[in-house]
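Have a look at the structure below, then the notes.
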Amino acid sequence: MVTVTGAGAQRWVLHMDMDSFFASVEQLTRPTLRGRPVLVGGAGPRGVVAGASYEARAYGAHSAMPMHQARRLVGLRAVVVPPRGRLYRLAGRRVFAVVRGLVPVIEQLSLDEAFAEPGELVGAGPEDVERFCSRLRDAVYDETGLVASVGAGSGKQVAKIASGLAKPRGQKVIALARERAEMDPLPVRKLWGIGPVADERLRKVGVESIGQFAALGHAEVVSLLGSTVGPALHALARGIDDRLVAERAEAKQVSAETTFATDLLTRREIRGAVQATGEAAHRRLLHDGRGARTVIAKFRKSDMSTVTRSKTLTYATTDRAVLIAAAQKAAVDPGEVGPIRLVGVGFAGLTALQQTVLFPQFDSADADEPGDRGGGGDVGVGGDVSVGAGDARAAARTPLSAGDDVRHPDRGHGWVQGSGHGVVTVRFETRTSGPGPVVTLPAEDAALAQADPAASLDWPERWSVADDTDPAGAGTDLA
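Sequential numbering from 1116 applies to the sequence shown in the numbering used here.
Next up, the structure:
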């Protein structure tokens, strides 16, 4: 029994982070992939890794890496699958429904990451916290088959660092008495908020560890990192972190910005900047779990004035090529407006209700930029298709692609491993089936239809898919 010892009691904040979430969900629902190096992302020439299994990470592959580079690192054993956004949202909701059963109030940061501050741990010793973390991780695994790493400490910063140190498949509790010994030797970049620029400034004055940063004086910190951000980060380095754990309102927009050391002067430079910044914003969109209907492009000129333009699609999507193409269409020409020092890309109109488009190329850069053909070569991000879409596919004569979820009336649920030359190869399996058989069927087999990826979860009857969708129509989520 944990004893509460009053106002001066040790505070315990937990940070839970699912291990290699996208790839783990793929391995969970497609048993053949378990133990194999899985890369989730677009397979085209500009494809980017959205998630990598630990087997793939052992070769050096990681999220945000160009897919061609990751495939080269992993070699012939690499298994590349397109992201299934709907599936990750459903799995994430189920994970945190389990967590809320043990901790009613959590601060969810993304589909696979959250803070918690269990009331029953106020004043608890490290052993009690270790037991609670084990119970939390076991509950998530028992109910979902997915593995979480958990960190615990006196505040959000320490807890987040601890969960990173616990990966993969572990937990780490940093008691207040051990905080300095555990934290001070770590690279200063481990601090949440220290990015490449701040890290470089600190390194130039010989500050490489959290302990060295914590030892700086206030004036030095302000000189190096500014009067607002600097002191806040310095306080975190010294273990001062009283930020509350509270439910978060859903973000209305996700975005990314890049400030350039030298101004952008050509249309070509702008296109490259929009592409790179748009990809960063898209990664944040995937972690948010919703699709976007409005794309916002922001350009700050050398005179510090800002030009903002937006494009609104007829549907919400997570398709990277479509979204970045819209940002490109909103881009400015430096020859007309002047030199550009900052480029931002944002996605708004966020909703769980998305639409899969049979011909996304009409909304991608290829439709307007014939010279860039093949540039948006990703398999559609979030390219999941709802039950019944097989009829639409047949009507449009759209071929099945590798990674598609399908259903056969006799063989059940499966996924396409390859297609071509008039045939399609399907692996029939789900979360509970174990590795399933491979069957090659005629591509025009009318009995084979695209399917809802949620069926691959094969959840118990007590888990209704409807319970895991957002209200106000999100139960008809098509992506």
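By construction, the Cβ of each residue, glycine as well, lies at the ideal position given by its N, Cα and C atoms.
Considering just the uninterrupted stretch of the alpha helix (DSSP H) at residue i, what are its terminal residues?
i, result
"F1137", "1136-1144"
"W1311", "Sequence inspection shows Pro at residue 1311; the Trp mentioned does not correspond to that position. Where P1311 is concerned, the enclosing alpha helix (DSSP H) stretches over 1311-1319."
"V1289", "For clarity, residue 1289 is Ile in the given sequence; the question names Val instead. I1289 -> no alpha helix (DSSP H), and no H or E assigned at all."
"H1183", "1182-1189"
"V1531", "Per DSSP, V1531 belongs to no alpha helix (DSSP H); it is in the beta strand (DSSP E), 1527-1535."
"E1451", "1449-1452"
Is it true that the CB of residue j sits closer than 9 Å to the CB of residue i?
i, j, result
"D1525", "Q1565", "no"
"P1346", "I1325", "no"
"T1466", "R1405", "yes"
"E1372", "T1343", "no"
"I1385", "G1461", "no"
"L1226", "Y1256", "no"
"V1195", "G1166", "no"
"D1573", "R1542", "no"
"G1162", "M1182", "yes"
"P1146", "P1550", "yes"
"A1179", "V1164", "yes"
"G1285", "L1351", "no"
"A1317", "V1303", "A small correction: the amino acid at residue 1317 is Leu; Ala does not occupy that position in the sequence shown. In contact: L1317 and V1303 (Cβ atoms closer than 9 Å)."
"V1218", "M1133", "no"
"M1298", "V1320", "no"
"A1463", "T1409", "yes"
"K1275", "V1360", "no"
"P1198", "L1401", "yes"
Does DSSP classify residue i as helix, strand or coil?
i, result
"E1245", "helix"
"H1130", "strand"
"F1211", "helix"
"V1265", "strand"
"F1543", "coil"
"I1439", "helix"
"T1147", "helix"
"Q1272", "helix"
"G1200", "helix"
"Q1327", "helix"
"E1222", "strand"
"A1561", "coil"
"L1236", "helix"
"Y1174", "coil"
"E1360", "It is Val, not Glu, that sits at residue 1360 in the sequence shown. Residue state, collapsed to three classes: coil."
"G1260", "coil"
"S1168", "coil"
"R1252", "helix"
"K1444", "helix"
"A1507", "Because A1507 carries a pLDDT of 38, less than 50, the predicted location of this residue cannot be relied on, and no value is offered for it."
"A1376", "strand"
"G1157", "coil"
Would you mind working out which of the options sits nearest residue i, comparing C-alpha positions?
i, options, result
"E1258", "V1244, V1213, S1249", "V1213"
"V1288", "D1243, F1328, D1314", "D1243"
"I1355", "D1378, A1229, A1329", "A1329"
"V1458", "H1130, R1546, V1422, H1177", "V1422"
"S1425", "M1419, A1350, F1414", "F1414"
"V1140", "F1247, V1262, E1232", "V1262"
"Y1169", "R1149, R1161, P1181", "R1149"
"A1376", "V1554, D1357, S1417", "S1417"
"A1562", "G1535, G1549, G1529", "G1529"
"V1220", "V1369, V1531, R1363, L1401", "R1363"
"S1264", "A1570, D1357, L1251", "L1251"
"A1395", "S1370, M1419, E1232", "S1370"
"D1560", "A1570, S1548, L1515", "L1515"
"A1171", "A1158, P1198, P1197, S1135", "S1135"
"M1131", "G1234, S1269, L1224", "L1224"
In its own chain, which residues sit with a C-beta less than 6 Å from the C-beta of residue i, not counting the 5 before and 5 after it?
i, result
"G1537", "A1558"
"R1186", "A1193"
"W1127", "L1236, V1244, A1267"
Using C-beta distances below 7 Å, list every residue in its chain close to residue i, excluding the 5 sequence neighbours before and after it, in chain order.
i, result
"Q1390", "I1439"
"G1533", "A1517, T1540"
"A1313", "L1340"
"P1552", "F1543"
Leaving out five residues on either side along the sequence, give the residues of the same chain with a beta carbon under 8 Å from the beta carbon of residue i.
i, result
"L1379", "I1385, A1388, P1449, P1454, I1455, R1456, V1458"
"L1280", "G1266, K1287"
"S1452", "For the sequence presented, residue 1452 should be read as Val rather than Ser. F1414, K1416, V1422, listed in sequence order."
"G1260", "L1143, R1546"
"A1229", "H1130, M1131, F1211, V1214, I1221, E1222, Q1223"
Would you say residue i touches the ligand NAD, meaning its beta carbon is less than 8 Å from a heavy atom?
i, result
"E1315", "For the structure depicted, the ligand NAD is absent and the ligand set is empty, with no information on it obtainable."
What is the residue span of the beta strand (DSSP E) that residue i lies within?
i, result
"T1392", "First-last for T1392: 1382-1403, but that is the alpha helix (DSSP H), not the beta strand (DSSP E)."
"V1322", "Run containing V1322: none; DSSP gives neither H nor E here."
"A1229", "1228-1231"
"V1337", "Element bounds for V1337: not the beta strand (DSSP E) but the alpha helix (DSSP H), 1333-1340."
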